[in-house]
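Student: Once you've had a glance at the structure underneath, I'll fire off some questions.
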Amino acid sequence: MITLNSYLILSTILFSIGLLGATRRKNLLMLFFSTEIMLNAVNIAFAAISKFHGDLTGQMFAFFVVAIAASEVAVGLGLLILWFKRHNTIDLDSLQKMGG
Amino acid sequence: MFEVVAFYLFAILTIAMFTITVMTKNALYALSSLAAGMIFISAFFFLLDAEFLGVVQIVVYTGAVMALYAFGMMFFDSINDVEEKIANPRLTFLLTGSVALIVVVIFMAPIVGANIDANYPMGIASQYGGVTGNVQDVGVVLFTKYLIPFEVAAVMLLVAMIGGIILAGKKMDRDIILDTEEEQEHLHAFVTKKDGV
Numbered sequence: 009m010i011t012l013n014s015y016l017i018l019s020t021i022l023f024s025i026g027l028l029g030a031t032r033r034k035n036l037l038m039l040f041f042s043t044e045i046m047l048n049a050v051n052i053a054f055a056a057i058s059k060f061h062g063d064l065t066g067q068m069f070a071f072f073v074v075a076i077a078a079s080e081v082a083v084g085l086g087l088l089i090l091w092f093k094r095h096n097t098i099d100l101d102s103l104q105k106m107g108g
Numbered sequence: 140m141f142e143v144v145a146f147y148l149f150a151i152l153t154i155a156m157f158t159i160t161v162m163t164k165n166a167l168y169a170l171s172s173l174a175a176g177m178i179f180i181s182a183f184f185f186l187l188d189a190e191f192l193g194v195v196q197i198v199v200y201t202g203a204v205m206a207l208y209a210f211g212m213m214f215f216d217s218i219n220d221v222e223e224k225i226a227n228p229r230l231t232f233l234l235t236g237s238v239a240l241i242v243v244v245i246f247m248a249p250i251v252g253a254n255i256d257a258n259y260p261m262g263i264a265s266q267y268g269g270v271t272g273n274v275q276d277v278g279v280v281l282f283t284k285y286l287i288p289f290e291v292a293a294v295m296l297l298v299a300m301i302g303g304i305i306l307a308g309k310k311m312d313r314d315i316i317l318d319t320e321e322e323q324e325h326l327h328a329f330v331t332k333k334d335g336v
């Protein structure tokens with residue numbers, strides 16, 4: 009039988025994969041992909057809690073998370089294109105102006 | 140039985156796809172596997188009786204976000220392998236593992252709000268004389284309690300769209316592939332001559 013815990017454990021695994029990507033990746037486009045993975049993992053947890061608690065509020069939060077993810081991509085990709093035009097690279101190390 | 144099989148099948152598929160996204164060196168493989176993972180995630184929403192959320196997941200993520208990434212990819216160098224200089228690979232695994240452990244402990248902790256009654260129970264639409272179903276329920280809750288956040292989200296999306304257009308649309312008439320000064324000058328002269336200036 010699939011319980012709430014199964015969904016929460018799946019959500020944790022997916023979130024950890026996204027977190028691993030966010031710490032490991034140096035390419036900014038790949039960092040965006042990892043962010044999407046983390047947002048989706050949280051959405052699964054919201055929908056599962058909504059189902060097993062019998063309350064629709066979790067689904068509402070998932071909708072707003074989707075809206076925020078969409079606008080984040082629009083602005084982030086614009087900035088990324090701007091950075092690529094200026095510096096011809098989207099490596100994270102190229103953003104490091106101050107050496108320490 | 141069907142639910143158990145579907146859950147484990149899609150769980151394995153989703154984890155595999157996202158692992159490919161995180162681990163691969165090829166940007167196009169990462170994009171494709173991410174899109175596949177998004178579609179597999181929508182299966183969980185259908186399993187959880189959140190049909191509207193599942194449809195939104197497919198439409199917004201694989202329809203809009205992935206298409207935007209695919210168009211953005213045309214600006215970047217996506218044929219070559221992604222080369223990354225990772226200073227300390229063990230540290231990232233250690234950090235991620237410890238954070239995952241903390242999240243598991245948080246989830247396993249006794250839930251304080253376990254005996255709170257549901258404010259917006261499933262099937263709320265039937266109280267208003269509507270047809271019972273997830274889409275009707277979502278409509279009732281979204282346009283009563285969450286009306287203001289809904290409007291604010293709409294304004295936020297508009298602002299993001301305008302911001303994206305302004306940021307990415309600068310100097311769109313100049314080709315970024317022709318990177319020598321001479322070719323840029325030539326292109327600029329051609330454009331001005333064509334406009335009749």
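Protein chains in written order, with my numbering: chain R, 9 to 108; chain G, 140 to 336.
Every residue, glycine too, gets a C-beta built ideally from N, C-alpha and C.
Source: prediction; values computed, not measured.
How many angstroms separate the CA atom of A206 (chain G) from the CA atom of A30 (chain R)?
Tutor: Walking along the second sequence from the start, residue 206 (chain G) turns up at place 67. Walking along the first sequence from the start, residue 30 (chain R) turns up at place 22. Going by the C-alpha atoms only, they are around 22 Å apart.
Student: Note down, in chain order, each residue of its chain lying with its Cβ closer than 6 Å to the Cβ of L152 (chain G), except the 5 sequence neighbours on either side.
Tutor: Counting from one through the second sequence, the residue named residue 152 (chain G) turns up at place 13. Here the set comprises F179.
Student: Return the CA-CA distance between A75 (chain R) and P288 (chain G), expressed in angstroms with no decimal places.
Tutor: Residue mapping note: residue 75 (chain R) aligns to position 67 of the first sequence, counting from 1. Residue mapping note: residue 288 (chain G) aligns to position 149 of the second sequence, counting from 1. Each residue's Cα considered, the two are about 11 Å apart.
Student: So, at 6 Å on beta carbons, what are the nonlocal neighbours of L192 (chain G) in its own chain, with the 5 sequence-adjacent residues on each side left out?
Tutor: What you label residue 192 (chain G) is simply residue 53 of the second sequence in a count that begins at 1. Excluding sequence neighbours, L192 (chain G) sits near F184.
Student: What are the boundary residues of the alpha helix (DSSP H) that includes N51 (chain R)?
Tutor: The residue given as residue 51 (chain R) occupies position 43 in the first sequence. Counting along the chain, the alpha helix (DSSP H) containing N51 (chain R) begins and ends at 36-61.
Student: Quick one: does G303 (chain G) have its CB under 8 Å from some CB of chain R?
Tutor: Here the question's residue 303 (chain G) lines up with position 164 in the second sequence. G303 (chain G) counts as touching chain R.
Student: Checking 8 Å against the spacing of the C-beta atoms, do A145 (chain G) and A182 (chain G) come in under that value?
Tutor: Mapped onto the second sequence, residue 145 (chain G) falls at position 6. Mapped onto the second sequence, residue 182 (chain G) falls at position 43. In contact: A145 (chain G) and A182 (chain G) (Cβ atoms closer than 8 Å).
Student: Report back the beta-carbon spacing between L88 (chain R) and G211 (chain G) to the nearest angstrom; my notes put them in contact at under 8 Å.
Tutor: Indexing the first sequence from 1 puts residue 88 (chain R) at position 80. Indexing the second sequence from 1 puts residue 211 (chain G) at position 72. Confirmed, about 7 Å.
Student: Cα separation between S42 (chain R) and G26 (chain R)?
Tutor: Against the first sequence, residue 42 (chain R) aligns to sequence position 34. Against the first sequence, residue 26 (chain R) aligns to sequence position 18. Computed Cα separation, rounded: 5 Å.
Student: Along chain G, which residues have their Cβ under 8 Å away from the Cβ of R33 (chain R)?
Tutor: Position 25 of the first sequence, counted from the first residue, corresponds to residue 33 (chain R). Result: V161, E223.
Student: What residues in its chain sit with their C-beta under 7 Å from that of I98 (chain R), if we drop five residues either side in the sequence?
Tutor: The residue given as residue 98 (chain R) occupies position 90 in the first sequence. Excluding residues within five positions, the ones whose Cβ falls inside 7 Å are N35, L36, L37, L88, W91, F92.
Student: What are the boundary residues of the alpha helix (DSSP H) that D276 (chain G) is part of?
Tutor: Here residue 276 (chain G) refers to the residue found at position 137 when the second sequence is read from its first residue. From DSSP, the alpha helix (DSSP H) with D276 (chain G) extends over 273-281.
Student: Could you give the distance in angstroms between the alpha-carbon of G176 (chain G) and the alpha-carbon of A155 (chain G)?
Tutor: For the purposes of this step, residue 176 (chain G) is identified with residue 37 of the second sequence, where counting begins at 1. For the purposes of this step, residue 155 (chain G) is identified with residue 16 of the second sequence, where counting begins at 1. Between G176 (chain G) and A155 (chain G), the C-alpha separation is close to 8 Å.
Student: Round the Cβ separation of V242 (chain G) and T20 (chain R) to the nearest angstrom and send it over; I've been treating them as touching at under 8 Å.
Tutor: Sequence index remark: in the second sequence, residue 242 (chain G) carries index 103 (1-based). Sequence index remark: in the first sequence, residue 20 (chain R) carries index 12 (1-based). Yes, V242 (chain G) and T20 (chain R) are in contact; Cβ-Cβ is about 5 Å, under 8 Å.
Student: Ends of the alpha helix (DSSP H) at G308 (chain G)?
Tutor: Walking along the second sequence from the start, residue 308 (chain G) turns up at place 169. Neither: G308 (chain G) is in no alpha helix (DSSP H) and is coded neither H nor E.
Student: Mind listing, in chain order, the continuous alpha helix (DSSP H) runs of no fewer than 4 residues lying wholly within the stretch 145-217 of chain G?
Tutor: The stretch 145-217 of chain G contains these whole alpha helix (DSSP H) runs: 166-186, 190-195, 205-212.
Student: Please determine, among G:V194, G:F232, G:Q196, the residue with the shortest C-alpha to C-alpha distance to R33 (chain R).
Tutor: The residue you call residue 33 (chain R) lines up with position 25 of the first sequence. Nearest of G:V194, G:F232, G:Q196 to R33 (chain R), Cα basis: G:F232.
Student: Does chain G have any CB closer than 8 Å to the CB of V83 (chain R)?
Tutor: If you number the first sequence from 1, residue 83 (chain R) lands on position 75. Closer than 8 Å: yes.
Student: So if I threshold CB-CB distances at 8 Å, which residues from the stretch 43-70 of chain R count as touching chain G?
Tutor: So the list reads E44, I45, N48, N51, I52, A55, A56, S58, K59, H61, G62, D63, L64, T65, Q67, M68, A70, given in the order they occur along the chain.
Student: Please confirm if L39 (chain R) has its CB atom under 8 Å from at least one CB of chain G.
Tutor: For the purposes of this step, residue 39 (chain R) is taken as residue 31 along the first sequence, with counting starting at 1. By this cut-off, L39 (chain R) is not an interface position.
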